[in-house]
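Numbering (the working numbering), first residue to last: 418 to 657. All C-beta atoms in this analysis are idealised placements derived from N, C-alpha and C, irrespective of residue type, glycine included. Source: prediction; values computed, not measured. Each remark here refers to the structure printed beneath this line.
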Amino acid sequence: MNQTISQWGIQLTGHHFDLLDWEETLKAPFDPWVERMQEIFVLRWSGFDDLDAAQVHARGEPLVEQLNGAMAASKGSRPLRRQDVIHFAPDGTRRHHMLEAFGLELRSKGGAAIMRVIGPDGAAVPDAPPQPSDVHRWTSIADTDDRLADALVYLGRREWFDLFKAIECIEDWAGGEGVLIKLGWMDRDKRVKRTANSFRHRRDGSHSPPSPPATHEEALRFVADLIRKAFEAAEAHSHP
Numbered sequence: 418m419n420q421t422i423s424q425w426g427i428q429l430t431g432h433h434f435d436l437l438d439w440e441e442t443l444k445a446p447f448d449p450w451v452e453r454m455q456e457i458f459v460l461r462w463s464g465f466d467d468l469d470a471a472q473v474h475a476r477g478e479p480l481v482e483q484l485n486g487a488m489a490a491s492k493g494s495r496p497l498r499r500q501d502v503i504h505f506a507p508d509g510t511r512r513h514h515m516l517e518a519f520g521l522e523l524r525s526k527g528g529a530a531i532m533r534v535i536g537p538d539g540a541a542v543p544d545a546p547p548q549p550s551d552v553h554r555w556t557s558i559a560d561t562d563d564r565l566a567d568a569l570v571y572l573g574r575r576e577w578f579d580l581f582k583a584i585e586c587i588e589d590w591a592g593g594e595g596v597l598i599k600l601g602w603m604d605r606d607k608r609v610k611r612t613a614n615s616f617r618h619r620r621d622g623s624h625s626p627p628s629p630p631a632t633h634e635e636a637l638r639f640v641a642d643l644i645r646k647a648f649e650a651a652e653a654h655s656h657p
């Protein structure tokens with residue numbers, strides 16, 4: 418949980434629906450958090466304190482990559498990118514650094530319903546105290562385990578090579594491929610892993626995919642589910 422307001426932030430770019438996912442999931446007072454300023458979405462993090470603009474830009478890259486993976490596993494979100502580094506002065510003014518270009522994508526999504534619980538007296542029941550999201554909890558766990566941290570980064574990159582490496586990270590964390598099969602987290606045919614291993618190499622090479630091969634979307638869902646299970650197991654182990 419953040420104790421002070423960071424003087425730095427990173428403007429996030431991507432599809433509006435994914436930006437909304439980040440805003441909804443990464444809320445203050447937990448760290449990191451997303452703050453919306455009009456139509457600008459800014460990632461704030463206490464780890465940016467005492468850095469300069471170039472250092473914030475450099476530290477922001479692995480942070481956004483890791484969060485992209487966590488958001489993909491948690492919400493099915495597409496990756497976001499960094500744009501400006503923003504400095505927040507004590508007088509409330511903002512200074513933007515390092516503009517980067519980004520693309521657009523047309524997608525549709527339904528809105529989330531807002532519900533209020535009404536008590537027997539007809540009054541609205543106060544909201545429960547805020548709790549850290551699963552993404553907050555997972556990134557905290559990833560801070561202590563490089564294998565899980567790397568798995569998030571690889572999932573966020575989404576390419577066949579990265580999906581294969583994400584599977585390897587979870588295998589290393591669990592104690593091997595056989596452990597995942599025994600747990601029921603991976604099928605014995607290893608269809609997604611074999612597809613990813615084939616497609617990360619040259620097509621028509623020595624690594625043939627299964628028949629039929631997994632689709633890219635199927636592979637993304639499989640790896641996201643694998644990562645969710647790993648973090649849920651890690652949480653359960655840390656809180657017996």
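Runs of the alpha helix (DSSP H) spanning 4 or more residues and lying entirely within the segment 455–510 occur at 470–492, in chain order. Note on geometry: alpha-carbon atoms of residue 644 and residue 629 lie some 24 Å from one another. Looking at the DSSP output, residue 617 shares a beta bridge with no other residue.
By DSSP's assignment, residue 424 forms no beta bridge with any residue. The Cβ-Cβ distance between residue 561 and residue 488 does not fall below 8 Å.
In this model, residue 475 and residue 482 are separated by some 12 Å (Cα to Cα).
Between the beta-carbon of residue 613 and that of residue 636 there is about 6 Å, and that keeps the pair under the 8 Å contact cut. A distance below 7 Å between beta-carbons, with the five flanking residues on each side excluded, links residue 617 to the following residues of its chain, in chain order: 577, 578, 581.
Residue 499 places its beta carbon 8 Å or farther from that of residue 598.
Residue 555: member of the alpha helix (DSSP H) spanning 551–559, first to last residue. Looking only at 465, 600, 464, 496, the smallest Cα-Cα distance to residue 435 is reached by 496.
Here DSSP, grouped into helix, strand and coil, assigns residue 442 to helix. Ranked by Cα distance from residue 507, the options 425, 596, 594 are led by 425. Residue 450 sits in a strand when the DSSP states are folded into three classes.
In the displayed model, residue 430 falls within a strand according to three-state DSSP. Residue 655: member of the alpha helix (DSSP H) spanning 633–655, first to last residue. Put simply, the backbone Cα of residue 627 is about 34 Å away from that of residue 432. If you draw a straight line from the Cα of residue 469 to the Cα of residue 480, it is about 16 Å long.
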